[in-house]
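The block underneath contains the structure these notes are about, expressed in C-alpha cells.
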Amino acid sequence: MTSGRRRATVPGVRERGGRVVVLGGGPAGLGAALALARAGEPVTLLDGADGVGGLCRTRRREGFAYDLGGHIPFVRGEDRRAWMAELLDGAVRWVGRPVASVADGRLRRGRYIDQRPDAPFTPVPEDGTAAGYLGGLCGAGFRDRVMRRYLEKVDGVPLERITASRAHKLDVEQRAPDGFWYPEDGIGALMDAMAAAAVAAGAEVRLGARVERIDCAGGRVRAVEAGGERIGAHAVVLGIPPAVALRLADPAPPAAVVPRLGIRSVALVFLAVDRERLSEEAWIQSDDPAVPFARVAEFPNWSPRMAPPGRTVLGLECYGSADPPDAVWSLTDRDLGAACARALVDPLGLLDDPGAARLLEVVRLPRAYPLVDARRQEEAARPARWLAGVEGLHGAQGGTIMTAVEAGERAAAAALERAPVAG
Ligand SMILES: Cc1cc2nc3c(=O)[nH]c(=O)nc-3n(C[C@H](O)[C@H](O)[C@H](O)COP(=O)(O)OP(=O)(O)OC[C@H]3O[C@@H](n4cnc5c(N)ncnc54)[C@H](O)[C@@H]3O)c2cc1C
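Sequential numbering from 341 applies to the sequence shown in the working numbering.
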C-alpha cells in the first residue's frame, strides 16, 4: 500500500511510515485515538507524561484515591452514559449531590450560579465579557452579590476581564443540577479504559514521548518528531493546547499569530482525616478571599471506593499565579496544607481541629489553563485559526472532559475524511 506522500528526511532522525499521529493523551487525544482505532485507521498517540489522562488523572496513596481536582464528567444523554459504562465495564455510579456553595456561613445546595433567579441560559456572545453576560442572564444585582467574588477568586482578575464564553462554560457546560455519573475508581479510570480500548482496537500509545517538532513544510503536515524519532504522518490531531502546538510547528508561524496569554495555576492540596465523612457533599465552592481554596472535593462522596472505611480524603483547589508567584503559591507545601486545614475549621466549619487533617501531598499545576483576557479575544483565537490553515492538522479543543472527548472524535472524523486513499 502506498500513499504517495513525500517525506522529508532529517540526518540522525529515524523514519517511520505515515499514519495519523495524535498528540496528547488527555481526554481530547484519547477520544481521537479511540475513534480512529475503532475505524481501523493506523494511529499512534504520543504523550510526554508517564501515564495517560492529562489533567484527568487519579492518584493513589495510603489506600486513598483522589483526582487532580474534582473532575465531574458532564455526560449529556443516554448514548454517552452507555459509552462510558461500556468502557468501564459498568463501574460507574450516580452521585446525587453534585456541588454546594458557602454563603453567609451556611452551606447551600447548588453552585453560586444555581442560586440565580429562575432565568433561562442564554446564548453566549462571542466577544463579550463575563460581567455583561452574567448581568444579562441574572441581573447586575445577583451578579455582583453572588457571582462576582467566586469567579474573580478562581480567575484572579475582575469580571470585566473574564470572557463571556468562560462564564458560559462555567454555568452551562458545567451544569449538573440533579447529579452526575462518575467512574467508581476515579476519573483516571475512564482515561485508562479509553487508552486500553484504543490499544485493543489497534492503536499504539506511547508514553514518555514528548513531541519536539511538527513538520509542516509547504503548509501541509508531514511528520512529528519525538525522542529523536521522526514519525511520518498524513494527519495530526492536536490534543495539546494550541499555544503549545504553535511552539512546535516548523516552520514557525509569524510572530503576530502568537498570543500574549495569561496562565492560571492551581495548587491541589490533599488532606486525609480519620473520620467517616466531613460532609455529605461531593464538591463545595467557597468565594471567601480569606480561604485559600475555591473548591473542596470530598472524594468518598464521589465514590466510596476512594477511601478506606472510617477515613476520608479531601482535595482542595487553590487557584493562583505561579509566575509571578502570589501569596498562596509562595507558601511551602506544609504551610499551604496547614492554611487549608485551618479554613476547614473556620470559616467552613467542617472540622473541629486543624490537627486532625493530615497532609498527603500538594500537586502543583503551574500551567493549568490559559487566561484569555476579554479585551484580547481576537488575539487568543489566532493560534487555532493559523493551525487550521495547515493541511492535515486537526485541532481538538474542549474546555471540559466531555467536550474535549467530543472535539477529539470530531478531529478523528476530519482526519479520516481526508485520509489518503491507498493505491
Ligand atoms: C482543577 C481542575 C478541575 C477541573 N474540573 C473539571 C470538571 O469537573 N469537569 C470537566 O469536565 N472538566 C474539568 N476540568 C477541565 C478538564 O481537566 C480539561 O477540560 C480537560 O482535561 C482537557 O483535556 P485535553 O485532552 O484537552 O487536555 P489535557 O488534559 O491538558 O491533556 C493534554 C495532554 O497533552 C500532553 N502534552 C502536552 N504537551 C505535550 C508535548 N509537547 N508532547 C507530548 N505530549 C504533550 C500532556 O502531558 C497531557 O497529557 C478541570 C480542570 C482543572 C485544572
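Quick reminder that beta carbons are idealized off the backbone N, C-alpha and C, glycines included.
Note to self: Taking only three categories from DSSP, how would you classify glutamine 625?
What the structure shows: Strand, per DSSP.
Next item on the list: Please work out which residues of its chain come closer than 8 Å, Cβ to Cβ, to glutamate 746, disregarding the five sequence neighbours upstream and downstream, and give them in chain order.
Entry: If we look at glutamate 746 and ignore the five residues flanking it on each side, its Cβ neighbours are Gly371 and Gly738.
Checklist line | Any 3 or more C-beta pairs closer than 8 Å across the segment 596–615 and the segment 718–728 | finding: Yes, the segment 596–615 touches the segment 718–728.
Next item on the list: Express the C-alpha separation of alanine 637 and glycine 409 in angstroms, rounding to a whole number.
Entry: It is roughly 7 Å from the alpha-carbon of glycine 409 to the alpha-carbon of alanine 637.
Check: By Cβ distance below 8 Å, which residues in the same chain neighbour arginine 359 in space, the five residues on each side in sequence not counted?
Finding: Excluding its 5 nearest sequence neighbours in each direction, arginine 359 has C-beta neighbours in its own chain below 8 Å: Glu381, Pro382, Val383, Thr384, Ile571, Gly572, Ala573 and His574, listed in chain order.
Notebook entry, point to check: Which residue's Cα is closest to the Cα of alanine 634: Ala589, Ser619, Thr672 and Leu684?
Noted result: Minimum Cα distance to alanine 634 is reached at Leu684.
Note to self: Under 8 Å, Cβ to Cβ, is there at least one residue of chain C near alanine 422?
What the structure shows: Annotation note: the requested chain C is absent from the structure, which comprises a single protein chain.
Next item on the list: Alpha carbon to alpha carbon, how far is phenylalanine 610 from leucine 618? Give it in angstroms, no decimals.
Entry: Here the alpha carbons of phenylalanine 610 and leucine 618 stand approximately 14 Å from one another.
Next item on the list: Taking only the alpha-carbon atoms, compute the straight-line gap between glutamate 418 and valine 435 and give it to the nearest angstrom.
Entry: The alpha-carbon atoms of glutamate 418 and valine 435 are separated by roughly 16 Å.
Checklist line | Sheet register partners of glycine 655 (DSSP bridge) | finding: Paired residues: Phe610 and Ala637.
Notebook entry, point to check: Excluding the five sequence neighbours on either side, which residues of its own chain have a C-beta within less than 7 Å of the C-beta of tyrosine 452, listed in chain order?
Noted result: Within the same chain, Ser441, Val486, Met487, Tyr490, Gln625 and Asp627 come within 7 Å of tyrosine 452 by CB-CB distance, once the 5 residues on both sides are set aside.
Check: Near glutamate 524, what residues of its chain come up, given a Cβ to Cβ distance below 6 Å and the 5 sequence neighbours on each side ignored?
Finding: Correct list, in chain order: Ala431, Arg433, Ser643 and Arg645.
Next item on the list: Could you tell me the boundaries of the beta strand (DSSP E) in which leucine 385 lies?
Entry: Leucine 385 -> beta strand (DSSP E) spans 383–386.
Checklist line | Residue burial classification, alanine 728 (beta-carbon count within 10 angstroms, cutoff 16) | finding: Classification of alanine 728: exposed, given that the 10 Å Cβ count is below 16.
Check: Roughly how many angstroms lie between the CA atoms of aspartate 614 and glutamate 657, to the nearest whole one?
Finding: Cα-Cα distance, rounded: 21 Å.
Notebook entry, point to check: Who are leucine 428's beta bridge partners in DSSP?
Noted result: In DSSP, leucine 428 forms no bridge with anything.
Next item on the list: Could you check the C-alpha separation between proline 594 and cysteine 478 for me, to the nearest Å?
Entry: Rounded to whole angstroms, the gap between the alpha carbons of proline 594 and cysteine 478 is 42 Å.
Notebook entry, point to check: Smallest Cα separation from tyrosine 659: which of Val494, Ala678, Ala681 and Arg651?
Noted result: Cα-wise, what sits closest to tyrosine 659 is Val494.
Item checked: Rounded straight-line distance, which links the Cα of valine 597 to that of valine 577 -> Valine 577 and valine 597: Cα-Cα distance of roughly 20 Å.
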